[in-house]
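Trainee: Below is one structure. I have some questions about it.
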Amino acid sequence: MVMTTREELESVCKRRGFIWQSSEIYGGEAGFYDYGHLGARLKDSWEEQWKDFFLSLDQNYHLVYTPNILPYRVLESSGHVEHFSDVLIKCNRCGNSFRGDHLVEDVTGESAEWMGKDEIKNKVEELNISCPDCKGDLGDAEDFNMMFEVDIGPKGERKGFLRPETAQGTYMNFPREYRALRRNMPFGLATVGPAFRNEISPRQGVYRMREFQQAELQIFFIPSIHDALFEERLEEVAYTEIPVMRTGDDMKKMISVDEIKDLPAYYIYHLSKIYEFYKDIMEIEGDIRLRELSSEERAFYNKIHFDVEINMKSLGGWKEVAGLHYRSDHDLSQHQEGSNKKMSVPADGERKVPHVIELSFGVDRNIWALLDLGYRTGDRDWLTIPDKLAPYQVAVFPLVRKDGLLEKSEEVFNKLNTKFRTFWDVSGSIGKRYARQDEIGTPYCVTVDYDTMEEDSVTIREIKTTEQIRVSITQLEEILQKLTEKEKLFDDYMG
Ligand code: GAP
């Protein structure tokens, strides 16, 4: 049985050491979260796997890091100063603030994220919506810019913002990297780091945070020149079926990439690679869909936009965790105009500003998705999580702490710890130790017992089935390697 409420899952995450609200001892601050010792390991391995997977799509996809604070003029050029807002409505009686689209959604049950200030104002009047907290009258709808403003310099001489997306720092590096990468295009620049949004009403836990982690890959290319290259790459994904929901559809369908040939090849290729990441790395298949956003739903900079949505019980259904955005030449053109620096490159006998396709992932939402889909209760409480992502991949126990078993288990632990994320647990009964590892998603438990002392073998227990196999210590590392790399199944080693 999976956990069904957010409160239930949040409480488990707190107890076990994954995630909880930040500044907890002072009562907490909405929209900010801490990762505990297990959460941090899970997040780190997710980020490593993300980098490994997406940077290996092309040898010209690279990693960069840029600051969290950006000067005013950067975000003015990008359009965020003018457009990066949500509709805010305050209650005339209690003064509490609400996101206009959420007020409408709560009554209609339909997404209102695409609605502007005037549409929301009219809907609130038409539906006679009052303050959800005190039932008082609601005030006027206004645009609220979600960026956190900061003063740069001791006297606040210059204005800046905490970046609302990691993308802008990457775009500014385009001309330098273009030269450093010897004018080789297409190229990709990925980054992983925090983004900040002063959300009006952070709700649904880590789903809507004020500081969150993004993993984004920006790919720079010239459509007229590089279309042919991406057409060729489509052969690589020709037999892939992906769960797509086009605008106007009311449910997802598994379709081949041929059935979305109205989209450009560079878009289809990366969409199917994103699905491959979810299928092979996060091991999510049924509870995922790639939903196309209509022009009203898309952000101001996007020409084509599909969101990756995962069906999360704890959040009440399908929720966005990532997106694939075709941003055209919008960002580089804006920065060219704002900075007066050339962003164009020689192409087709003239100068052209490259286009950008962006793979944008919210790390925290993906971590939550793993926990939501993975936690099970029933005969035992356990977390199923892919071996490559699990906070600990292996736990080592002595059956008892006497007769040399403790020392032998330490030896085994030291051997495995350099190769796998390994935990050594010597306290409590063996049953309790298995239960503890089940609760935190450790896929394999290795036990040192009396037979180990006789014949140098140990048992490996698999979390999914709770079955055990006995293997010699000399083969232990190789077997665990094959299991965690998915080269072999546990079943393959059963007698
Ligand atoms: N650079 C493009 C961009 O930022 P976005 O759709 O606004 O696009 C990308 O954000 C991803 O960041 C989302 O798919 C989501 O996973 C995550 N995200 C956005 N706002 C968030 C928030 N307030 N809390 C947690 N994650 C968020």
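Heads up, the sequence shown is in this note's numbering, so the first residue is 19 and it goes up one at a time. In this text, a Cβ means the ideal position worked out from N, Cα and C, and glycines have one as well.
Using a 10 Å radius around the Cβ and a threshold of 16 neighbouring Cβ atoms, would you call Glu128 buried or exposed?
Mentor: As a first step, residue 128 must be located in the sequence shown, where it is residue number 110. Exposed, since its Cβ has fewer than 16 Cβ neighbours within 10 Å.
Trainee: Hey, is Met227 close to the ligand GAP, as in C-beta under 8 Å from one of its heavy atoms?
Mentor: The residue labelled residue 227 in the question sits at position 209 within the sequence shown. Answer for Met227: yes, Cβ within range of the ligand GAP.
Trainee: Beta-carbon within less than 7 Å of Lys271's beta-carbon, same chain only, minus the 5 sequence neighbours each way: which residues are those?
Mentor: Counting from one through the sequence shown, the residue named residue 271 turns up at place 253. Leaving aside the five residues that flank Lys271 on each side, the residues in its chain whose CB is nearer than 7 Å to its CB run, in chain order, Val262.
Trainee: Output the distance between the C-alpha atoms of Leu75 and Ala365, rounded to the nearest integer angstrom.
Mentor: Within the sequence shown, residue 75 is the residue found at index 57, counting from 1. Within the sequence shown, residue 365 is the residue found at index 347, counting from 1. Those two C-alpha atoms are separated by around 24 Å.
Trainee: Nearest CA to the CA of Tyr468: which residue from Trp64, Gly45 and Lys426?
Mentor: The residue you call residue 468 lines up with position 450 of the sequence shown. It is Lys426.
Trainee: Taking the runs of the beta strand (DSSP E) that are 3 residues or longer, which of them lie wholly in the stretch 75-128?
Mentor: 79-81, 87-89, 103-109 and 115-117
Trainee: What residues match up with Thr484 in a beta bridge as DSSP calls it?
Mentor: Residue 484 sits at position 466 when you count from the first residue of the sequence shown. None; Thr484 has no bridge partner.
Trainee: Since Tyr462 and Leu498 should fall inside the 8 Å C-beta cutoff, what is the C-beta to C-beta distance between them, to a whole number of angstroms?
Mentor: Within the sequence shown, the letter at position 444 stands for residue 462. Within the sequence shown, the letter at position 480 stands for residue 498. Right, the Cβ-Cβ distance comes to about 6 Å (below 8 Å), so this counts as a contact.
Trainee: Name the two residues that bound the continuous alpha helix (DSSP H) containing Asn432.
Mentor: Here residue 432 refers to the residue found at position 414 when the sequence shown is read from its first residue. Start and end: Leu423 to Asn435.
Trainee: Strictly under 9 Å for the Cβ-Cβ distance: is Ser445 near chain B by that measure?
Mentor: In the structure shown, chain B does not exist; there is a single protein chain.
Trainee: Quick one: using the 10 Å Cβ neighbour count with 16 as the cut-off for buried, is Pro220 buried or exposed?
Mentor: As a first step, residue 220 is located in the sequence shown; it is residue number 202 there, counting from the start. Counting Cβ neighbours within 10 Å, Pro220 comes out buried, since at least 16 surround it.
Trainee: By alpha-carbon positions, which one of Asp382, Leu180 and Leu73 ends up nearest to Leu6?
Mentor: For residue 6 there is no data in the structure shown, the boundaries of the chain being 19 and 513.
Trainee: Quick one: residues in its chain with C-beta nearer than 8 Å to the C-beta of Gln411, no 5 flanking neighbours on either side, listed in chain order?
Mentor: Indexing the sequence shown from 1 puts residue 411 at position 393. Excluding sequence neighbours, Gln411 sits near Asp405, Phe438, Arg439, Thr440, Thr460, Pro461, Tyr462, Leu498 and Thr502.
Trainee: Mind checking whether Ser357 and Arg91 have CB atoms under 9 Å apart?
Mentor: Sequence index remark: in the sequence shown, residue 357 carries index 339 (1-based). Sequence index remark: in the sequence shown, residue 91 carries index 73 (1-based). Taking 9 Å as the Cβ cut-off, Ser357 and Arg91 qualify as a contacting pair.
Trainee: According to DSSP, is Ser519 part of a helix, a strand, or is it coil?
Mentor: This structure does not reach residue 519, given that the chain is present from 19 up to 513, and the question cannot be answered.
Trainee: Take the Cβ of His323 as the centre, count every other Cβ of all protein chains shown within 10 Å, and call the residue buried at 16 or more, exposed below.
Mentor: Numbered from 1 along the sequence shown, position 305 holds the residue referred to as residue 323. Buried: at least 16 other Cβ atoms inside 10 Å.
Trainee: How many Å lie between Trp38 and Val371 at the Cα?
Mentor: What you label residue 38 is simply residue 20 of the sequence shown in a count that begins at 1. What you label residue 371 is simply residue 353 of the sequence shown in a count that begins at 1. If I take the Cα positions, the gap works out to 44 Å.
Trainee: Starting from the Cα of Thr465, find the closest Cα among Gly57, Trp442, Val82 and Leu389 and give me that residue.
Mentor: Residue 465 sits at position 447 when you count from the first residue of the sequence shown. Looking at the Cα atoms, Trp442 is the closest of the given residues.
Trainee: With DSSP collapsed to three states, give me the class of Asn320.
Mentor: Residue 320 sits at position 302 when you count from the first residue of the sequence shown. DSSP, reduced to helix, strand and coil, places Asn320 outside both helices and strands of the structure shown, so it counts as coil.
Trainee: Compute the Euclidean distance between the alpha carbons of Ile273 and Phe415, then round it to the nearest angstrom.
Mentor: The residue given as residue 273 occupies position 255 in the sequence shown. The residue given as residue 415 occupies position 397 in the sequence shown. C-alpha separation (whole angstroms): 47 Å.
Trainee: Does the ligand SAM have even one heavy atom less than 8 Å from the beta-carbon of Ala317?
Mentor: For the structure depicted, the ligand SAM is absent and the ligand set comprises only the ligand GAP.
Trainee: Using 9 Å as the threshold, is the C-beta distance between Ser96 and Gln186 below it?
Mentor: The residue you call residue 96 lines up with position 78 of the sequence shown. The residue you call residue 186 lines up with position 168 of the sequence shown. Going by C-beta atoms, Ser96 is nearer than 9 Å to Gln186.
Trainee: Given 8 Å as the limit, tell me if Asn384 has its C-beta closer than that to any heavy atom belonging to the ligand GAP.
Mentor: Numbered from 1 along the sequence shown, position 366 holds the residue referred to as residue 384. Indeed, a heavy atom of the ligand GAP lies less than 8 Å from the Cβ.
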